[in-house]
Amino acid sequence: DKADFCIIHYAGKVNYKADEWLMKNMDPLNDNVATLLHQSSDRFVAELWKDVDRIVGLDQVTGMTET
1 DKADFCIIHY
11 AGKVNYKADE
21 WLMKNMDPLN
31 DNVATLLHQS
41 SDRFVAELWK
51 DVDRIVGLDQ
61 VTGMTET
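Counting from 1, one number per residue, gives the positions in the sequence shown under full-length UniProt numbering.
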């Protein structure tokens with residue numbers, strides 16, 4: 001099958017078919033990354049991720065402290 005488009009990721013070129021795009025991109029968001037974004041010192045980034053616990057189910061986000 002011919003790819004509809006390709007994206008060059010950090011790991012190399014990845015070919016995609018438009019009808020398979022969603023299924024290839026349903027990996028869960030890493031909890032550590034989501035927590036870092038939520039606790040960012042950049043107000044814009046923190047605002048974007050203010051509801052991360054509701055969106056990705058990170059119950060521990062509000063209980064984490066900075067080290």
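Heads up, the beta-carbon is just placed ideally off N, CA and C, and yes, glycines get one too.
It is roughly 14 Å from the alpha-carbon of Lys2 to the alpha-carbon of Lys13. Rounded to whole angstroms, the separation of the alpha carbons of Glu47 and Asn32 is 17 Å. Measuring C-alpha to C-alpha distances from Ala18 to each of Ser40, Met26, Val52, Phe5 identifies Phe5 as the nearest. In the assembly as shown, His38 is a buried residue. Its beta-carbon has 16 or more other beta-carbons within 10 Å. Residue state for Asn32 is assigned as helix, using DSSP reduced to three classes. Separation of the CB atoms of Ile7 and Tyr16 is rounded to 7 Å, and the pair is thereby assigned contact status at 8 Å.
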